[in-house]
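Here's the structure, in structure tokens; my notes come after.
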Amino acid sequence: MRNRQILALTCFGLVLAGAENIRAESINDVELRNLAKYYSTGVSQQPRTEPIPPPTAPKAELGKKLFFSKDLGGDKDTACVSCHHPLLGGGDHLSLPIGSQATIPDLLGPGRTHSATRARATGMLYDGGPTVPRVAPTTFNAALWQQVMFLDGRVEALPDGGVRTPDTPFGVADPKAPNLIHGQALFPVTSPEEMASSAFEGKSNDEIRDALAQRVSANPQWQVEFDRVYGDEAVITFSRIAESIAQYEASQWLTDSPWQAFMEGDNHAINRQEKAGATLFFQEVKQGGAGCAACHNGENFSDEAFHALAMPQIGRGKDDGVTGSDDFGRMRETGKIKDKYSFRTPQLLNVSATYPYSHAGGYETLEDVVRHHLNVEEAVNNYDFTLTNLSQPGLQNTHAEANTRKALSVVKRRQENGNTPLKNVDLSNKQVKQLVSFLHTLTDPCVEKPKCLAQWVAEPDAGLNILEAQFAAPQSRTQFSTNR
Ligand code: HEC
Ligand code: HEC
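Heads up, the sequence shown is in full-length UniProt numbering, so the first residue is 1 and it goes up one at a time.
See the structure below:
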């Protein structure tokens, strides 16, 4: 609701009180804070309806072990953490993820590749590149999502309560999903590309979950873990597995950023360049700003709504379009043409650590993804569709340019008709740098410190098939270091 009001205000061009005619660089701290408060950014310190568990809470601890356990992968080679490691910004630092049947299953992040031999042996589709069609978003601050999860919102809160998931028809609550994160956690295990592999062919989602719950139950060591949380001789159901994982994810509360400190009153928490960037971010285009907050607003900088931006469609696609290589985004869920090529506005907390960017990971730096917004046509024209400039090998996709250009024509039409908050904006190189340095202030310093993140990393335990991550590249690097 809050977000819809903001959008309505922006659409009707109401100018917020006191902010008229302010030049981007001359705004003072109080004015900047008020501007940002108008867009509800800065994480509220009010108590929450769903309390945030500490990572040491027994259920979150159990969830951590499950999140790291390859026992939830069909072939016992993949865990949630395969694509969402805390040391990789809660994602995998790959444009497109590699789930089951990796060449070296415990090697995460850059360097992770598919094993052609293993894939062929089990009859899985293999063409040399990653098989998952979309980027792996971060699990950090997952508890801040209020409306929709997944990039097309296929897990979503319903207006009258309840959560709809891919297991229920559009608009119908899934009784298995008491809240968004729990509902989301029911699905990765059912996807052959992500976790299931070909182990459960022909089985329904519920049959897969039951089979996994039985597998876990059969291991006395897991039984001890569940008894500790759910009481003696606890029944191990997939619902309890998902509930524990959801508690672990909710414990990844990483919001203590310099920006948050500034919003709480510390004028020195961010510097002049970062403040100039913040001003550009929040001010409307007609006031000399970049108008970013029209979509990136609320505590996690997302309106939780869907917008078409024609960011490079480099993935293998979701079976959409004539070639099956396209991804229609939100329209896949609603069936409405107005949602074609629209993806959920990403959250921006810790964004310096959650690269690559956009729904198919087509951008590796913040500067590139920011520039795309400023002039979509120019960005698409300049994009290297050979994809050889991206770090991940095997991304080549003959349909990438044609699919992206289809999305571009939709965006251009909407821009001409005024049907999108996305405006072409002329910024100097200096201003782009300012915007990027502002984005860096949204990162909680814990995210850059392996020691601090260790509380979310499970201890090795062969009995629980805990994935012991290996990395080929340095972790926790943040993109485009500025003066911060
Ligand atoms: C093979 C890589 C892979 C594995 C393994 C995987 N995920 Fe994901 N995860 C993804 C991708 C890709 C998406 C986005 C998919 C989409 O939106 O269509 C995603 C989305 C999510 C989201 C939603 C975030 C958001 O911003 O809405 C959460 C939470 C999540 N995964 C948690 C999990 C959990 C829990 C597991 C284990 C049960 C898991 N993932 C296993 C790749 C993976
Ligand atoms: C029309 C709504 C809208 C506006 C205005 C907007 N964004 Fe975005 N932004 C999005 C959407 C939607 C995506 C994801 C698109 C995709 O995945 O294909 C995105 C992606 C991003 C990303 C990549 C995040 C990630 O994790 O992939 C960054 C960074 C970003 N925007 C920053 C900005 C900045 C800075 C501005 C102002 C110059 C801005 N945005 C203006 C909607 C918007």
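Here a beta-carbon is modelled for each residue, glycine too, at the ideal position from N, C-alpha and C.
Query                                                                                                                        : Result
Option nearest Ser251 by Cα separation, candidates Gly298, Leu453, Asn375 and Ser358                                         : Leu453
Chain-order list of residues whose beta-carbon lies under 6 Å from that of Ile162 (same chain, five-residue window excluded) : Correcting the residue type first, residue 162 is Gly in the shown sequence and not Ile. Cβ within range, chain order: Ala173.
Sequence-distant residues of the same chain with beta carbon closer than 6 Å to Leu467, five excluded per side               : Phe68, Lys70, Ala79, Val81 and Asp106
Rounded Cβ spacing between Ala310 and Ala407 (contact assumed at less than 8 Å)                                              : 4 Å
Buried or exposed (CB count within 10 angstroms, at least 16 for buried), Glu194                                             : buried
Spatial neighbours of His296 in its chain, beta-carbon cut-off 7 Å, leaving aside the 5 residues before and after            : Ser302, Thr345 and Leu348
Same chain, Cβ closer than 7 Å to Gln147, five either side skipped, listed in chain order                                    : Glu156, Ala157 and Glu304
Pro133 Cβ short of 7 Å to ligand 2 heavy atom set                                                                            : no
Any non-hydrogen atom of ligand 2 closer than 7 Å to Pro421 Cβ                                                               : yes
As assigned by DSSP and simplified to three states, the class of Gln214                                                      : helix
Cβ neighbours of Thr357 in the same chain (closer than 6 Å, five flanking residues each side left out)                       : It should be noted that the sequence gives Tyr, not Thr, for residue 357. Closer than 6 Å at the Cβ level, and outside the excluded window around Tyr357, lie Tyr363 and Val369.
Unbroken alpha helix (DSSP H) run spanning Phe281, endpoints                                                                 : Arg272 to Phe282
Helix, strand or coil at Tyr383 according to DSSP, with G and I counted as helix                                             : coil
Bridge-paired residues (DSSP) for Asp339                                                                                     : DSSP output for Asp339 lists no bridge partner at all.
Cβ of Cys446 within 8 Å of any chain B Cβ                                                                                    : Protein chains in the displayed structure number just one, and chain B is not present.
Cβ-heavy atom distance, Val189 to ligand 1, below 7 Å                                                                        : yes
Beta-carbon gap between Gly329 and Asp339 smaller than 8 Å                                                                   : yes
For Ile22, the three-state DSSP class (helix, strand or coil)                                                                : Model confidence at Ile22 stands at a pLDDT of 43, short of 50, so the residue's coordinates are unreliable; what they give is reported in the following sentence. Residue state, collapsed to three classes: coil.
Rounded Cβ spacing between Arg134 and Leu151 (contact assumed at less than 8 Å)                                              : 6 Å
Selected residue, minimal CA-CA separation from Trp253, among Gln283, Asp227, Cys446 and Ser26                               : Cys446
Nearest-angstrom Cα separation, counted from Val376 out to His84                                                             : 29 Å
Secondary structure of Pro143, DSSP reduced to three states                                                                  : According to the sequence provided, residue 143 is Ala. The question's Pro does not apply to it. Ala143: helix per DSSP, three-state reduction.
Which of helix, strand or coil DSSP assigns to Met311                                                                        : coil
Rounded Cβ spacing between Gly90 and Thr138 (contact assumed at less than 8 Å)                                               : 3 Å
Proximity below 8 Å, CB of Phe238 to CB of Arg209                                                                            : yes
heavy atom of ligand 2 below 7 Å from Ser428 C-beta                                                                          : no
Whole-angstrom distance between Arg332 and Met149, CA atom to CA atom                                                        : 14 Å
For His182, three-class secondary structure by DSSP                                                                          : helix
Thr420 and Val411 closer than 8 Å at C-beta                                                                                  : yes
CA-to-CA distance, Lys430 to Trp222, given in whole angstroms                                                                : 55 Å
Three-way DSSP call (helix, strand, coil) for Asp320 in this model                                                           : strand
Through-space distance from Val432 to Ala353, alpha-carbon basis                                                             : 19 Å
Own chain partners of Asn465 with C-beta closer than 7 Å, once the 5 adjacent residues on each side are dropped              : Ser69, Lys70, Asp71 and Lys76
Closest by C-alpha distance to Lys65, when choosing among Val457, Tyr39, Asp206 and Gln260                                   : Val457
The segment 94-104 in contact with the segment 187-203 per 3-pair CB rule at 8 Å                                             : yes
heavy atom of ligand 1 below 7 Å from Ile181 C-beta                                                                          : yes
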